[in-house]
Amino acid sequence: MARANKGFMQKLHASSCKHSNILTLLGLCDEGSAMMLVYEYASNGSLEDYLKKKSNMENDSWAQRLNICLQVARGLSYLHTSEGDRQEIVHRDIKSANILLDENLDARIGDFGLCKFLSVNEEHKGVAGTPVYMDPQYAKEGKLKKELDIYSLGVVLIEILCGRLAYDPIYRSDHNQGLALIARQHFNKGTVKTMVDGRLELTRGILARPNQESLFIFSKLAYQCLVQRQEDRPTIKAVVRQLEKALHFQVSQCPKIITFVFS
Numbered sequence: 009m010a011r012a013n014k015g016f017m018q019k020l021h022a023s024s025c026k027h028s029n030i031l032t033l034l035g036l037c038d039e040g041s042a043m044m045l046v047y048e049y050a051s052n053g054s055l056e057d058y059l060k061k062k063s064n065m066e067n068d069s070w071a072q073r074l075n076i077c078l079q080v081a082r083g084l085s086y087l088h089t090s091e092g093d094r095q096e097i098v099h100r101d102i103k104s105a106n107i108l109l110d111e112n113l114d115a116r117i118g119d120f121g122l123c124k125f126l127s128v129n130e131e132h133k134g135v136a137g138t139p140v141y142m143d144p145q146y147a148k149e150g151k152l153k154k155e156l157d158i159y160s161l162g163v164v165l166i167e168i169l170c171g172r173l174a175y176d177p178i179y180r181s182d183h184n185q186g187l188a189l190i191a192r193q194h195f196n197k198g199t200v201k202t203m204v205d206g207r208l209e210l211t212r213g214i215l216a217r218p219n220q221e222s223l224f225i226f227s228k229l230a231y232q233c234l235v236q237r238q239e240d241r242p243t244i245k246a247v248v249r250q251l252e253k254a255l256h257f258q259v260s261q262c263p264k265i266i267t268f269v270f271s
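What follows is the structure in structure tokens.
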């Protein structure tokens, strides 16, 4: 459950967030000064919790990790798309702690406390979110754009790739942008394979281990999500397409030798 005010409840209901990859709102408890939102139960907790648990990551397959990323992207695509009376929504706090996993490890985006509706007649300014996942351009300018969610998603993709959370002490750096900066450096040097979670190579069965073509597509996509200029990042629909492609190569297991170089 999460606290909310009446104004936010009106916005939440107006958004009609009914999607398989959006956490389902079950009801509202309003007792005057205290207001609570009641959501469906996610038995496997958050992606943050999942990444922290060593046994999960040792037994996880690359296909499963890809599927989680794809489901998050599909949920975000729903939020970023207007349809009928539903406006485009910028989440502003995409991070592993706000991605919930059910009993089948299907992912749902939750926590809409910071979300904003995009409107052509209204200019939004002001920064909100979690520093290690925050788009540097948004942090500097405070302008509300969908691209800021793309950057945050890029950080989550790297977490999935590395099997470590963005705030892990190993990634500490200036301005709380450690993981993203380190990832971009590896991409530019062509050494991104050194960031891949070594436990993936220890998983049983060829389908569990990363296919090189799949890994290349995924890594290049993560790099594109993390570029500094917002206008150079992919749209969420392009992100979905590339993740579908990466999952296809993983499932079909088409082995290829890939050199990791990005421009």
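The numbering used here applies: residue 9 is where the sequence shown begins, and numbers increase by one. C-beta atoms are modelled at their ideal positions from N, C-alpha and C, and glycine is treated no differently.
Buried versus exposed, by CB contacts within 10 Å (16 or more), residue i
i           : result
residue 79  : buried
residue 162 : buried
residue 44  : exposed
residue 86  : buried
residue 154 : buried
residue 34  : exposed
residue 178 : exposed
residue 231 : buried
residue 40  : exposed
residue 42  : exposed
residue 112 : exposed
residue 199 : exposed
Coil, strand or helix - residue i by DSSP
i           : result
residue 142 : coil
residue 38  : strand
residue 197 : helix
residue 45  : strand
residue 245 : helix
residue 135 : coil
residue 97  : strand
residue 208 : helix
residue 81  : helix
residue 217 : coil
residue 172 : coil
residue 166 : helix
Sub-7 Å separation of residue i and residue j beta-carbons
i           : j           : result
residue 273 : residue 257 : Because the chain is modelled from 9 through 271, residue 273 falls outside the range shown and cannot be assessed.
residue 55  : residue 107 : yes
residue 59  : residue 47  : no
residue 244 : residue 27  : no
residue 124 : residue 150 : no
residue 90  : residue 216 : no
residue 72  : residue 145 : no
residue 100 : residue 122 : yes
residue 126 : residue 50  : no
residue 77  : residue 169 : no
C-alpha distance - residue i paired with residue j, whole-angstrom precision
i           : j           : result
residue 156 : residue 167 : 17 Å
residue 204 : residue 171 : 8 Å
residue 189 : residue 64  : 27 Å
residue 117 : residue 29  : 6 Å
residue 192 : residue 120 : 29 Å
residue 52  : residue 114 : 9 Å
residue 25  : residue 229 : 26 Å
residue 227 : residue 207 : 17 Å
residue 255 : residue 38  : 43 Å
residue 158 : residue 74  : 16 Å
residue 186 : residue 140 : 7 Å
residue 234 : residue 224 : 16 Å
residue 201 : residue 135 : 34 Å
residue 98  : residue 81  : 13 Å
residue 174 : residue 67  : 21 Å
Cβ-heavy atom distance, residue i to the ligand COA, below 6 Å
i           : result
residue 223 : The ligand COA is absent from the structure shown, which contains no ligand whatsoever.
Below-7 Å beta-carbon distance, residue i vs any chain C residue
i           : result
residue 155 : The displayed structure is made up of one protein chain only, and chain C is not part of it.
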